[in-house]
Amino acid sequence: MQTQAMKTLFDTTGGYGALALRVPIGVILAAHGAQKLFGWFGGYGLAGTAQWLESIGLAPGLLMALLAGGAEFFGGLALLLGLLTRPAALVAAFTMLVAIFSVHVGNGLFMANNGYEFVLALLAASVALALQGAGRFSLDGLVAKRM
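Number 95 in our numbering belongs to position 95 of the sequence shown; there are no gaps in the numbering.
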């Protein structure tokens with residue numbers, strides 16, 4: 001049973017398509033997480049993100065900032081490497097759902113109005129990766145071959 005669960009976790013059917021999704025989505029998520037956690041790339045850091053999340057009703061702000069920033073930063077790095085891709089993609093998908101409904105949905109679809117189109121694209125890519133796995137050139141693929 002444990003071997004089958006591990007095989008399901010690391011196995012991939014994604015090929016080069018998953019690689020093409022995984023790398024840019026991983027970079028984007030890791031960068032957004034770094035903004036939230038560390039204030040890199042023009043972000044507000046943990047304290048600023050926590051304060052903003054509190055202001056929109058996501059409390060406690062510090063915990064929410066840690067969860068969102070951690071999911072994006074560490075999940076993005078995992079996707080970039082293709083390591084534990086399925087769980088990282090599921091966590092990213094959940095984070096994007098929260099972002100859509102707590103921040104963007106009231107602004108409509110388009111990014112020009114702070115809408116949800118970009119977050120929806122990240123959600124779709126994350127779901128695709130959760131379903132098909134890491135694809136080529138991934139650490140998950142290496143682990144799966146050794147099982």
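For each residue, glycine too, the CB sits at the ideal point set by N, CA and C.
CB contact check: residue i to chain E, cutoff 8 Å
i: Met111; result: The question asks about chain E, but that chain is absent: this structure has only one protein chain.
Span separating the alpha-carbon of residue i from that of residue j
i: Gly17; j: Gln4; result: 25 Å
i: Ala130; j: Gln51; result: 31 Å
i: His32; j: Phe118; result: 13 Å
i: Val23; j: Leu62; result: 29 Å
i: Thr12; j: Gly141; result: 7 Å
i: Lys145; j: Glu72; result: 28 Å
i: Lys7; j: Leu90; result: 17 Å
i: Leu139; j: Leu120; result: 27 Å
i: Arg136; j: Phe41; result: 29 Å
i: Thr49; j: Lys36; result: 6 Å
i: Gly76; j: Ala68; result: 12 Å
Reduced DSSP secondary structure (H/G/I, E/B, other) of residue i
i: Arg86; result: helix
i: Arg146; result: coil
i: Thr13; result: coil
i: Arg22; result: helix
i: Phe137; result: coil
i: Phe73; result: helix
i: Ala59; result: coil
i: Phe41; result: helix
i: Gly106; result: helix
i: Gly115; result: coil
For residue j and residue i, believed in contact at Cβ under 8 Å, the rounded distance
i: Gly14; j: Gly133; result: 5 Å
Local Cβ density within 10 Å of residue i, reported as buried at 16 or more and exposed below that
i: Ser55; result: exposed
i: Ala152; result: Residue 152 is absent from the model: the chain starts at 1 and stops at 147.
i: Ala65; result: buried
i: Met96; result: buried
i: Phe110; result: exposed
i: Phe101; result: exposed
i: Phe38; result: exposed
i: Gly106; result: exposed
Is there contact here, the region 73 to 80 with the region 22 to 34, by at least three beta-carbon pairs under 8 Å? Segments in contact, yes.
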